[in-house]
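Visitor: Residue numbers (our numbering): 2 to 286. I am attaching a structure below and will ask some questions about it afterwards.
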Ligand code: HEC
């Protein structure tokens with residue numbers, strides 16, 4: 002009897018497992034179809050492109066940031082992107098990672114006005130930034146951001162490189178991907194014409210982004226002595242690397258810990274194998 006009941010319970014669990022598997026499979030199918038394989042093609046499914054791969058210095062298990070590149074990227078951010086995009090999760094003192102010294106960081110912070118409270122009146126005011134402050138917001142609120150940007154909000158860039166798939170490559174491709182809408186697209190999808198105030202960019206999810214191309218001319222930013230030529234592609238790479246650092250400042254520590262752990266595990270495996278050999282050495286088959 003107990004056996005029979007046990008069997009029934011087992012059957013019940015197996016049945017539920019099968020049911021939930023089928024249920025899961027069914028609910029995944031519409032997701033697949035959205036990527037354009039099972040339903041009619043759309044402009045996005047046909048013309049969206051995946052980011053081009055850049056050989057970043059921080060790729061691979063031994064990857065490291067290139068300080069000079071991060072400084073150039075910070076320069077591009079400050080001189081171009083900061084007009085619209087904040088970097089609100091990053092504190093000025095973190096810029097020490099880029100190789101800036103204390104005096105330089107103080108000067109960078111001082112050039113920004115950050116929100117504060119007047120100690121006498123309690124009124125909201127601003128003061129010059131200190132290394133402990135974070136980069137201030139560009140717009141006081143979303144309404145102001147929309148009003149200044151054709152009804153689109155420039156997102157905060159602190160975590161952008163992690164918020165998008167293949168972040169650094171994506172940002173680089175996005176910045177260098179602005180172009181004319183292909184004639185073939187308009188022929189196939191006459192309704193998909195890029196709207197007023199939007200810009201065609203095949204790397205952006207819906208192909209039409211509200212940001213005008215921010216990097217348009219070689220030499221838009223002047224790099225210091227001994228640095229590479231500031232071509233549009235170079236500036237885009239540099240600012241993407243900088244945003245990668247902003248989103249993951251501890252990348253180098255993470256990678257070197259990973260390598261250490263792997264070495265430890267290999268060593269542990271060898272020890273375990275030797276112990277096994279030792280324990281069974283005297284036993285007959
Ligand atoms: C004139 C204002 C302006 C400038 C300057 C600007 N952007 Fe933007 N950016 C925007 C707006 C507006 C959006 C939102 C676009 C949308 O949602 O369609 C945006 C969106 C983005 C996005 C998000 C794309 C996504 O996948 O959602 C990234 C990344 C970005 N900008 C990077 C940059 C970088 C890097 C620079 C500097 C080289 C820069 N932007 C300069 C206005 C600007």
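Ideal placement from N, C-alpha and C gives every residue a C-beta, glycine not left out.
Leaving aside the five residues before and after residue 53 along the sequence, list all residues of the same chain whose C-beta is less than 7 Å from its C-beta, in chain order.
Guide: Counting from one through the chain shown, the residue named residue 53 turns up at place 52. Closer than 7 Å at the Cβ level, and outside the excluded window around residue 53, lie 170, 174.
Visitor: Is the separation between the beta-carbon of residue 172 and that of residue 95 shorter than 8 Å?
Guide: As a position in the chain shown, residue 172 is number 171, starting the count at 1. As a position in the chain shown, residue 95 is number 94, starting the count at 1. Result no, Cβ atoms of residue 172 and residue 95 do not sit closer than 8 Å.
Visitor: Which residue comes first and which comes last in the beta strand (DSSP E) that contains residue 1?
Guide: Absent from the structure is residue 1, since the part of the chain shown begins at 2 and ends at 286.
Visitor: Specify, as a first and last residue, the run of the beta strand (DSSP E) that residue 271 falls within.
Guide: As a first step, residue 271 must be located in the chain shown, where it is residue number 270. Segment 252-281 is the alpha helix (DSSP H) holding residue 271; no beta strand (DSSP E) there.
Visitor: Output needed for residue 117: all residues of its chain with C-beta closer than 7 Å, excluding positions within five of it in sequence on either side, in chain order.
Guide: The count along the chain shown starts at 1 and reaches residue 117 at position 116. The answer, listed in chain order, is 126, 127, 128.
Visitor: If you compare alpha carbons, which of 131, 204, 176 is closest to residue 46?
Guide: Residue numbering aside, residue 46 sits at position 45 when the chain shown is read from its first letter. The residue with the shortest Cα to Cα distance from residue 46 is 204.
Visitor: Whose C-alpha, out of 167, 168, 202, 198, is nearest the C-alpha of residue 183?
Guide: Residue numbering aside, residue 183 sits at position 182 when the chain shown is read from its first letter. The shortest Cα separation from residue 183 among 167, 168, 202, 198 belongs to 202.
Visitor: Is residue 48 near the ligand HEC, going by C-beta to nearest heavy atom under 7 Å?
Guide: As a working note, residue 48 is residue 47 in the chain shown. Checking the Cβ of residue 48 against the ligand HEC gives no.
Visitor: Less than 7 Å separating the Cβ of residue 51 from some heavy atom of the ligand HEC?
Guide: By 1-based counting over the chain shown, the position of residue 51 is 50. Residue 51: no, Cβ never under 7 Å from the ligand HEC.
Visitor: Rounded to a whole number of angstroms, what is the C-alpha to C-alpha distance between residue 197 and residue 191?
Guide: In the chain shown, residue 197 corresponds to position 196, counting from 1. In the chain shown, residue 191 corresponds to position 190, counting from 1. Rounded to the nearest angstrom, the two C-alpha atoms are 15 Å apart.
Visitor: Within the present structure, is the beta-carbon of residue 136 separated from the nearest heavy atom of the ligand HEC by less than 7 Å?
Guide: Translated into positions along the chain shown, residue 136 becomes position 135. No, the ligand HEC has no heavy atom inside 7 Å of this Cβ.
Visitor: Leaving out five residues on either side along the sequence, give the residues of the same chain with a beta carbon under 7 Å from the beta carbon of residue 234.
Guide: In the chain shown, counting from the first residue as 1, residue 234 sits at position 233. Here the set comprises 177.
Visitor: When every heavy atom of the ligand HEC is checked, does at least one fall within less than 7 Å of the C-beta of residue 254?
Guide: Indexing the chain shown from 1 puts residue 254 at position 253. It does not: the Cβ of residue 254 is nowhere closer than 7 Å to a heavy atom of the ligand HEC.
Visitor: Determine the direct distance from the alpha carbon of residue 105 to that of residue 90, and round the result to whole angstroms.
Guide: If you number the chain shown from 1, residue 90 lands on position 89. If you number the chain shown from 1, residue 105 lands on position 104. Those two C-alpha atoms are separated by around 20 Å.
Visitor: Leaving aside the five residues before and after residue 123 along the sequence, list all residues of the same chain whose C-beta is less than 6 Å from its C-beta, in chain order.
Guide: Position 122 of the chain shown, counting from 1, holds the residue named residue 123. Hits under 6 Å: none found.
Visitor: Would you kindly check if the distance between the Cβ of residue 236 and the Cβ of residue 77 is under 8 Å?
Guide: Along the chain shown, read from residue 1 onward, the residue named residue 77 stands at position 76. Along the chain shown, read from residue 1 onward, the residue named residue 236 stands at position 235. Their beta carbons are under 8 Å apart, which means residue 77 touches residue 236 by this criterion.
Visitor: Quick check on this structure: which residue in 213, 44, 93, 62 has the alpha carbon closest to the alpha carbon of residue 115?
Guide: The residue you call residue 115 lines up with position 114 of the chain shown. When each option's Cα is compared against that of residue 115, the closest is 93.
Visitor: With 16 as the cutoff for other CB atoms within 10 Å, does residue 63 come out buried or exposed?
Guide: Numbered from its first residue, the chain shown carries residue 63 at position 62. By the neighbour-count rule (16 or more Cβ atoms within 10 Å), residue 63 is not buried but exposed.
Visitor: Going by alpha carbons, who is nearest to residue 189 out of 41, 27, 103?
Guide: Taking the first residue of the chain shown as position 1, residue 189 is located at position 188. Nearest of 41, 27, 103 to residue 189, Cα basis: 41.
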